[in-house]
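One structure is given below, encoded as structure tokens.
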Amino acid sequence: MRLIGLGLSVCSGSSLKPPLSPLRNSPDCGQTPRRERDHTLPEKYARKPTLASRIVRRIILAIWYIRGWKIDSPLPKHLKKYVIAGAPHTTNWDFVFFTGATHEEGIRPNFMGKHTLFQGIMKNFMLDMGGIPVDRRKSANATEQVAAEFAARDHLALVIACEGTRKTDGKWKSGFYHIARAADVPIVPAFADNARKIISFGEPLMPSGNYGEDLLKIAEWFRSKLPDYERFKVLEQQARDIIAGKNDV
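Going by the working numbering, the first residue of the sequence shown is number 30, and it counts up by one from there.
Below, the structure is given as structure tokens:
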């Protein structure tokens, strides 16, 4: 299955309080699960989620708790619409861990997917999991289509793996930035540390229109989390090269 979003394949552009113990907090252990703000569908299309999506979500959350992941710094609570810029993208498990983290924060994240995945029996499942169909055959490009989704919804938290692929040297695609700017929403950087099993969310950044300067601010935040990580060094240099006019956006 080829999706355009965090932990699921190629992105069109791609710190939190600790959970309770897995036994007390797992949705399968007789406890009332945390109530989420369901951001996966526009309010006018609200309906009961499919059985398949509910089962898959419970499995994802069980993995999050059992593996012992936790939130290092919280997602800003006042935001209703924003782009989550996630990095590094090193494994397909990233989707599971970010889904668990956002569940802890009381939201359900959204991701972009090829429109053909939203057909037939898969349509409602994909929508329930947070998918946003993108049809590249339309005259409106992907950025415009996703910006229209932001305009149509009261809440939307779009997760993007900004590196675009696991096989990257650390440079980011610019799609996440163009989407945030077109939708007039802030960017929230998000960092996953597989070694320490933590996820951190940074402060929101409203895109100024100066991609290089904004990318440098984001890169500096990531480097503050893991200073010696090579991919984040590459990201910082990419931003500095853009500012210096040595690199195209």
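Glycine included, C-beta positions come from ideal geometry on N, C-alpha and C.
Apart from the five residues just before and just after residue i, which ones in its own chain have a Cβ nearer than 7 angstroms to its Cβ?
| i | result |
| --- | --- |
| Asp-157 | Thr-69, Pro-78, Thr-79 and Ser-82 |
| Phe-251 | Ala-116, Pro-218, Phe-220, Phe-261 and Leu-264 |
| Lys-254 | Phe-220 and Ser-229 |
Short of 6 angstroms in beta carbon distance, which residues of its chain neighbour residue i, apart from the five on each side in sequence? Order them along the chain.
| i | result |
| --- | --- |
| Ile-89 | Val-125 and Thr-128 |
| Ala-248 | Leu-264, Glu-265 and Ala-268 |
| Ala-211 | Thr-172 and Ala-176 |
| Asp-164 | His-144 |
| Gln-174 | Val-163 |
Could you give the distance in angstroms between the alpha-carbon of residue i and the alpha-carbon of residue j?
| i | j | result |
| --- | --- | --- |
| Lys-226 | Gly-97 | 7 angstroms |
| Ile-136 | Lys-143 | 23 angstroms |
| Pro-138 | Gly-160 | 9 angstroms |
| Lys-202 | Gly-149 | 31 angstroms |
| Pro-256 | Ala-91 | 31 angstroms |
| Lys-152 | Lys-275 | 43 angstroms |
| Lys-200 | Phe-179 | 26 angstroms |
| Thr-197 | Leu-108 | 30 angstroms |
| Asn-170 | Ile-100 | 35 angstroms |
| Glu-242 | Ala-209 | 15 angstroms |
| Met-155 | Gly-238 | 32 angstroms |
| Ile-84 | Asp-270 | 46 angstroms |
| Met-235 | Phe-147 | 31 angstroms |
| Ile-189 | Ser-168 | 23 angstroms |
| Lys-73 | Arg-182 | Because the pLDDT at Lys-73 is just 46, under 50, the model does not fix this residue reliably, and the value given afterwards should be weighed accordingly. Rounded to the nearest angstrom, the two C-alpha atoms are 9 angstroms apart. |
| Leu-187 | Asp-213 | 13 angstroms |
What does residue i pair with, by DSSP beta-bridge criteria?
| i | result |
| --- | --- |
| Asn-153 | Answer is none; Asn-153 lacks a bridge partner. |
| Gly-160 | Phe-140 |
| Ile-228 | Ile-100 and Ala-221 |
| Leu-234 | Ile-216 |
| Gly-115 | Ala-190 and Ala-219 |
Considering Cα atoms alone, identify which of the options is closest to residue i.
| i | options | result |
| --- | --- | --- |
| Ile-272 | Leu-255, Tyr-258, Glu-259 and Leu-245 | Leu-245 |
| Arg-166 | Thr-145, Phe-140, Tyr-258 and Lys-152 | Thr-145 |
| Glu-289 | Ser-229, Gly-274, Pro-236 and Asn-276 | In this structure the chain extends from 30 to 278, so residue 289 is not present and cannot be described. |
| His-184 | Lys-106, Ala-169 and Lys-110 | Lys-110 |
| Phe-205 | Asp-222, Asn-276, Ala-224 and Tyr-240 | Tyr-240 |
| Met-141 | Ile-113, Thr-120 and Thr-119 | Ile-113 |
| Thr-131 | Arg-86, Val-214, Thr-120 and Gly-199 | Arg-86 |
| Ala-224 | Thr-119, Ile-84, Leu-104 and Lys-106 | Thr-119 |
| Pro-105 | Ser-237, Glu-259 and Ile-216 | Ile-216 |
| Tyr-258 | Phe-147, Asp-222, Pro-236 and Leu-234 | Asp-222 |
| Cys-191 | Asp-270, His-207 and Ala-181 | His-207 |
Report all residues from its chain with a CB closer than 8 angstroms to the CB of residue i; omit the five preceding and five following residues, and keep chain order.
| i | result |
| --- | --- |
| Arg-66 | Confidence at Arg-66 is low in this model, with a pLDDT of 49, below 50, so the placement of that residue is unreliable and no value is reported for it. |
| Pro-233 | Pro-105, Leu-108, Tyr-111, Pro-215, Ile-216 and Val-217 |
| Thr-61 | Because the pLDDT at Thr-61 is just 40, under 50, the model does not fix this residue reliably, and the value given afterwards should be weighed accordingly. Cβ within range, chain order: n/a, list empty. |
| Arg-64 | Because the pLDDT of Arg-64 is 45, which lies under 50, any placement of that residue in the model is unreliable, and the question is left without a value. |
Which residue comes first and which comes last in the alpha helix (DSSP H) that contains residue i?
| i | result |
| --- | --- |
| Lys-109 | Neither: Lys-109 is in no alpha helix (DSSP H) and is coded neither H nor E. |
| Lys-254 | 240–254 |
| Thr-128 | 123–133 |
| Asp-270 | 259–272 |
| Thr-145 | Looking at the DSSP string, Thr-145 is not in any alpha helix (DSSP H), and its letter there is neither H nor E. |
| Thr-172 | 171–181 |
Tell me where the beta strand (DSSP E) around residue i begins and ends.
| i | result |
| --- | --- |
| Ala-186 | 185–190 |
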